[in-house]
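Residue numbers (the numbering used here): 37 to 237.
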């Protein structure tokens with residue numbers, strides 16, 4: 037006969053800890069996953085499965101890769117592999133197929149986890165839908181481009197300054213007229229092309 041009370045308590049504590057983790061992960065507003073040392077997925081939370089619309093068994097191991105856009109697949113494998121070899125966290129943006137068939141931009145992050153002996157045991161990570169953010173960034177870039185085209189077409193010399201007078205932008209007409217470069221003009225460089233007698237005023 038052997039007293040296994042401590043072992044039972046330890047096992048119960050582990051089960052309780054896992055149950056808490058699963059409850060927390062399943063209610064988190066992000067997709068959470070865990071991989072082993074071979075980078076095969078061993079756990080996916082409910083938001084991931086709801087996003088992909090696929091059964092858990094189909095997603096575990098390397099099954100999740102079926103939902104990655106073909107153009108992003110190689111990068112999605114290379115980035116975690118390099119991070120695993122270096123034992124460091126990683127971030128990667130890629131497109132993941134949603135349950136309705138639409139590919140959505142997501143940001144995947146992974147943090148290394150260690151075995152009791154300190155060896156690399158895999159990653160624990162999150163995946164966040166960033167499609168709306170990417171669309172906003174694209175719209176902003178297009179807006180900036182349109183502004184630049186319009187400003188460069190203006191006949192006057194145009195510029196933009198900070199509250200302290202530091203000028204950080206000029207239109208193309210300014211550079212054509214003064215024969216300067218952005219590097220020469222940044223900040224207070226504009227003073228170099230003004231009449232010294234007029235400059236104080």
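Note that CB positions come from ideal geometry on N, CA and C, so glycine has one too.
Keep in mind it's a predicted model, so treat the numbers as computed, not measured.
Who are the near neighbours of residue 103 in its chain, counting only those whose CB is closer than 6 Å to its CB and skipping five residues on each side?
Against the chain shown, residue 103 aligns to sequence position 67. The residues are 88, 132, 133.
Please report the distance separating the alpha-carbon of residue 86 from that of residue 58.
Counting from one through the chain shown, the residue named residue 86 turns up at place 50. Counting from one through the chain shown, the residue named residue 58 turns up at place 22. Roughly 15 Å separates the two Cα atoms.
Should residue 113 and residue 128 be called a contact, given that it needs their Cβ atoms to be closer than 7 Å?
If you number the chain shown from 1, residue 113 lands on position 77. If you number the chain shown from 1, residue 128 lands on position 92. Going by C-beta atoms, residue 113 is not nearer than 7 Å to residue 128.
Reference residue 54; option with closest CA among 42, 81, 211, 40:
Counting from one through the chain shown, the residue named residue 54 turns up at place 18. Looking at the Cα atoms, 81 is the closest of the given residues.
Using 8 Å as the Cβ pair cut-off and three pairs as the minimum, do the region 90-107 and the region 148-164 touch?
no
In the DSSP assignment, find the beta strand (DSSP E) that holds residue 181 and state where it starts and stops.
In the chain shown, residue 181 corresponds to position 145, counting from 1. Careful: residue 181 lies outside any beta strand (DSSP E), inside the alpha helix (DSSP H) at 167-189.
What is the residue span of the alpha helix (DSSP H) that residue 122 lies within?
Along the chain shown, one-based indexing puts residue 122 at 86. First-last of the alpha helix (DSSP H) with residue 122: 109-122.
Report the three-state DSSP secondary structure of residue 134 (helix, strand or coil).
Numbered from 1 along the chain shown, position 98 holds the residue referred to as residue 134. In the structure shown, residue 134 sits in coil (DSSP, three-state: anything other than H, G, I, E or B).
Cβ neighbour criterion (16 or more within 10 Å) applied to residue 137
The count along the chain shown starts at 1 and reaches residue 137 at position 101. Exposed, because fewer than 16 other Cβ atoms sit within 10 Å of the Cβ of residue 137.
Are residue 202 and residue 215 touching if we call contact CB-CB under 7 Å?
Mapped onto the chain shown, residue 202 falls at position 166. Mapped onto the chain shown, residue 215 falls at position 179. In this structure, residue 215 does not lie closer than 7 Å to residue 202 by Cβ.
Where residue 78 falls: helix, strand or coil (DSSP):
On the chain shown, residue 78 is found 42 positions in, with the first residue counted as 1. Here residue 78 sits in strand by DSSP.
For residue 162 and residue 76, the rounded distance between their alpha carbons:
Position 40 of the chain shown holds residue 76. Position 126 of the chain shown holds residue 162. Cα to Cα, residue 76 sits roughly 15 Å from residue 162.
Coarse secondary structure for residue 235, derived from DSSP in three states
As a position in the chain shown, residue 235 is number 199, starting the count at 1. Residue 235: coil per DSSP, three-state reduction.
Looking at residue 159 and residue 146, is the spacing between their C-beta atoms short of 7 Å?
Locating residue 146 in the chain shown gives position 110, counting from the first residue. Locating residue 159 in the chain shown gives position 123, counting from the first residue. Contact: yes.
Please classify residue 140: does DSSP put it in a helix, a strand, or coil?
As a first step, residue 140 must be located in the chain shown, where it is residue number 104. Three-state result, residue 140: strand.
Which value, in whole angstroms, describes the spacing of the CA atoms of residue 73 and residue 91?
For the purposes of this step, residue 73 is taken as residue 37 along the chain shown, with counting starting at 1. For the purposes of this step, residue 91 is taken as residue 55 along the chain shown, with counting starting at 1. Going by the C-alpha atoms only, they are around 23 Å apart.
Three-state class that DSSP yields for residue 56 in the structure shown
Here residue 56 corresponds to residue number 20 of the chain shown, with the count starting at 1. Residue 56: helix per DSSP, three-state reduction.
Report the rounded CA-to-CA distance for residue 70 versus residue 78, giving the unit in angstroms.
Translated into positions along the chain shown, residue 70 becomes position 34. Translated into positions along the chain shown, residue 78 becomes position 42. For residue 70 and residue 78, the distance between alpha carbons rounds to 6 Å.
For residue 90, which of helix, strand or coil comes out of DSSP?
Along the chain shown, one-based indexing puts residue 90 at 54. Coil.
What is the C-beta distance between residue 209 and residue 188, in whole angstroms, given that I count them as a contact (C-beta under 8 Å)?
Taking the first residue of the chain shown as position 1, residue 209 is located at position 173. Taking the first residue of the chain shown as position 1, residue 188 is located at position 152. Confirmed, about 7 Å.
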